[in-house]
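These notes concern the structure reproduced below.
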Amino acid sequence: MPQSKKRGPEFSLEKKSQLIGAIITGQSIRAAGRKFGFSDSTAQYIWTKYKKTGSAENLPRSGRPPKLDKRAQRSIVRQSLRERRKPFTEIANSCNPKVSPTTVRRILHRHNYYRWVARRVPYLTKAHKKARLAWAKLCKRYKVQQWKKKIWSDECYIYLGENRGHIFVTRRPGEEFLDQCCAPKFPQSSVRVMIWACIMKGRKGPLVVLEYPGGRGGGMNSKRYREQVLDPVLKSFYKRVSKKQDGVEFQQDNAPSHRSKTTRQWFSDNQVRLFYHPPNSPDLNPIERVWWEIKKRLKDREQIPTTAEQLIVAVKEIWNELPVQEIDKHIDSMGKRVKAIFATKGGHIPF
Numbered sequence: 001m002p003q004s005k006k007r008g009p010e011f012s013l014e015k016k017s018q019l020i021g022a023i024i025t026g027q028s029i030r031a032a033g034r035k036f037g038f039s040d041s042t043a044q045y046i047w048t049k050y051k052k053t054g055s056a057e058n059l060p061r062s063g064r065p066p067k068l069d070k071r072a073q074r075s076i077v078r079q080s081l082r083e084r085r086k087p088f089t090e091i092a093n094s095c096n097p098k099v100s101p102t103t104v105r106r107i108l109h110r111h112n113y114y115r116w117v118a119r120r121v122p123y124l125t126k127a128h129k130k131a132r133l134a135w136a137k138l139c140k141r142y143k144v145q146q147w148k149k150k151i152w153s154d155e156c157y158i159y160l161g162e163n164r165g166h167i168f169v170t171r172r173p174g175e176e177f178l179d180q181c182c183a184p185k186f187p188q189s190s191v192r193v194m195i196w197a198c199i200m201k202g203r204k205g206p207l208v209v210l211e212y213p214g215g216r217g218g219g220m221n222s223k224r225y226r227e228q229v230l231d232p233v234l235k236s237f238y239k240r241v242s243k244k245q246d247g248v249e250f251q252q253d254n255a256p257s258h259r260s261k262t263t264r265q266w267f268s269d270n271q272v273r274l275f276y277h278p279p280n281s282p283d284l285n286p287i288e289r290v291w292w293e294i295k296k297r298l299k300d301r302e303q304i305p306t307t308a309e310q311l312i313v314a315v316k317e318i319w320n321e322l323p324v325q326e327i328d329k330h331i332d333s334m335g336k337r338v339k340a341i342f343a344t345k346g347g348h349i350p351f
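Residues in the sequence shown are numbered consecutively from 1, following full-length UniProt numbering.
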């Protein structure tokens with residue numbers, strides 16, 4: 001079957017009129033065409049057509065007219081934006097005249113809308129967004145020097161055999177079941193480690209593997225937070241960095257163990273200044289991207305941990321090997337995050 005000829009770009013009437021005017025005033029077809037960005041053959045075609053018809057307008061297109069006019073197509077786009085999770089089949093069935101889901105998809109593609117997997121993010125209420133805006137107003141005039149004085153902290157669970165995303169290997173056909181070409185898949189593992197760490201611009205703080213019994217009432221609480229993080233780790237780290245610069249502030253999220261009366265009293269007694277962090281806002285803490293980097297490096301290791309002890313050793317090795325520049329680039333993005341919060345009026349931001 002002969003291939004249909006691909007239609008070239010359609011030039012505006014104004015541009016074609018300029019070409020024709022230049023030829024009428026004495027320029028050659030080639031010179032006028034090159035002056036206005038036409039190939040020699042296109043310029044010749046436009047001039048020949050003008051002499052035949054006396055017009056530079058495009059002729060009506062051949063072929064079957066679209067089933068839906070522009071108004072109906074705009075209606076499909078509006079409906080898709082009103083109910084973004086609505087299946088294309090339901091949208092197609094609601095159209096008059098009826099169309100196929102493929103037609104709905106094609107119309108949306110024409111308007112640059114595509115089907116994507118919804119990004120999972122923390123739920124934000126109006127109060128949360130208001131708090132995020134308040135945080136942005138607090139930080140909007142911050143320069144590099146202010147961000148350098150912040151200690152960013154967080155806890156993180158790392159599961160044995162946790163595997164996010166695809167793992168790519170180089171192999172030949174038929175080698176898919178070689179040990180080197182397989183990614184071990186574990187059952188939903190109950191083996192996990194909980195770590196706490198903190199970072200600053202230009203330095204990594206300590207990383208702590210937290211010990212807790214687990215189960216009902218066995219998670220992180222104020223007593224364990226104080227005994228495993230605040231007293232043995234943060235207290236000395238905060239004193240060291242505060243000797244080198246004034247106004248150092250410590251950031252933590254709004255976990256119950258962080259907000260309890262005894263924890264607040266500890267900060268007061270030890271003169272640790274706190275930096276406000278809005279609730280449900282991991283995207284405003286640069287250490288979240290550091291956790292992502294640790295998990296990625298763990299996944300990329302040739303020797304995958306198979307026990308909790310091996311997992312702890314691997315996490316500590318990765319933390320020690322992690323370049324400070326990797327941390328700094330996330331802290332350096334804080335100014336952009338502040339601007340993004342204003343742009344989204346306290347909503348989610350792409351960090």
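For every residue, glycine included, the Cβ atom is placed at its ideal position computed from N, Cα and C. Just so it is clear, the structure is predicted and the values come from calculations on it, not from any experiment.
Cα-Cα separation between residue i and residue j, rounded to whole angstroms
i, j, result
"residue 142", "residue 335", "7 Å"
"residue 1", "residue 21", "For residue 1, the pLDDT reaches just 47, beneath the cut-off of 50, and the residue's location in the model is therefore unreliable, leaving the point undetermined."
"residue 315", "residue 159", "11 Å"
"residue 111", "residue 45", "32 Å"
"residue 357", "residue 272", "No statement about residue 357 is possible, as the shown extent of the chain runs from 1 to 351 and does not include it."
"residue 346", "residue 130", "6 Å"
"residue 328", "residue 34", "52 Å"
"residue 283", "residue 37", "48 Å"
"residue 52", "residue 19", "16 Å"
"residue 309", "residue 174", "35 Å"
"residue 343", "residue 307", "45 Å"
"residue 146", "residue 246", "10 Å"
"residue 108", "residue 64", "20 Å"
"residue 228", "residue 205", "15 Å"
"residue 291", "residue 302", "19 Å"
"residue 171", "residue 298", "22 Å"
"residue 125", "residue 134", "14 Å"
"residue 127", "residue 86", "28 Å"
"residue 11", "residue 75", "29 Å"
"residue 66", "residue 95", "14 Å"
"residue 236", "residue 276", "21 Å"
Residues near residue i by beta carbon distance below 8 Å, same chain, minus five either side
i, result
"residue 293", "322 and 326"
"residue 209", "193, 194, 195, 312, 315 and 316"
Contact check, residue i vs residue j, beta carbons under 8 Å
i, j, result
"residue 91", "residue 77", "no"
"residue 242", "residue 248", "yes"
"residue 285", "residue 152", "yes"
"residue 348", "residue 121", "yes"
"residue 155", "residue 199", "no"
"residue 350", "residue 132", "no"
"residue 287", "residue 136", "no"
Beta carbon proximity, residue i to chain D, threshold 8 Å
i, result
"residue 43", "No chain D appears in this structure, which consists of one protein chain only."
Own chain residues within Cβ distance below 6 Å of residue i, not counting five before or after
i, result
"residue 17", "56"
"residue 230", "266"
"residue 32", "19, 22 and 23"
"residue 30", "40"
"residue 319", "207"
Expected contact under 8 Å - CB spacing of residue i and residue j to nearest Å
i, j, result
"residue 312", "residue 193", "6 Å"
"residue 251", "residue 150", "6 Å"
"residue 262", "residue 226", "7 Å"
"residue 139", "residue 324", "Residue 139 to residue 324, Cβ: 23 Å. No contact."
"residue 123", "residue 280", "7 Å"
"residue 68", "residue 99", "6 Å"
"residue 88", "residue 97", "Their Cβ separation, rounded to whole angstroms, is 16 Å, which puts residue 88 and residue 97 out of contact at 8 Å."
"residue 80", "residue 113", "6 Å"
Check: residue i C-beta below 7 Å from any heavy atom of the ligand HEM
i, result
"residue 212", "This structure lacks the ligand HEM; in fact it carries no ligand of any kind."
Cut-off 7 Å between Cβ atoms - residues of its own chain near residue i, not counting five sequence neighbours on either side
i, result
"residue 13", "56 and 57"
"residue 257", "220, 221, 222, 225 and 263"
"residue 15", "36"
Practice problem: Go through the UniProt domain "Transposase Tc1-like" (73–137) residue by residue and report every complete run of the alpha helix (DSSP H) that reaches 4 residues or more, in order. | Solution: Listed in chain order, they are 88–93 and 101–110.
Self-check item: Those runs of the alpha helix (DSSP H) which lie wholly inside the UniProt domain "Tc1-like transposase DDE" (243–306) and span at least 4 residues
Solution: Fully enclosed alpha helix (DSSP H) runs of 4 or longer: 256–259, 261–269 and 287–300.
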